[in-house]
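Residue numbers (the working numbering): 502 to 577.
Step one of this worksheet: look at the structure below.
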């Protein structure tokens, strides 16, 4: 999921009631380019239909794949 934040650490910071935790906002990271740099199949999708097709291709590829899905923060 690409939502411009490090959600797991943001959640944990909330549990600990930690304020002003650096490094939680990470906009602009191109995970597709990073994955391709490591030799993975990688694609960015924004629609349900595109995800279904990308997931089917990833399963057929028989090798590591990345499907980046844009999401909103905060999560609903």
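Virtual Cβ for every residue (Gly too), placed ideally from N, Cα, C.
Item	Value
Return helix, strand or coil for residue 509, following the three-state DSSP convention.	helix
If residue 568 sits next to residue 552, beta carbons under 8 Å apart, how far is it from one beta carbon to the other, in whole angstroms?	7 Å
Would you list the one or two residues that DSSP bridges to residue 570?	546
State the beta-bridge partners of residue 503 as determined by DSSP.	571
How many angstroms separate the CA atom of residue 561 from the CA atom of residue 505?	29 Å
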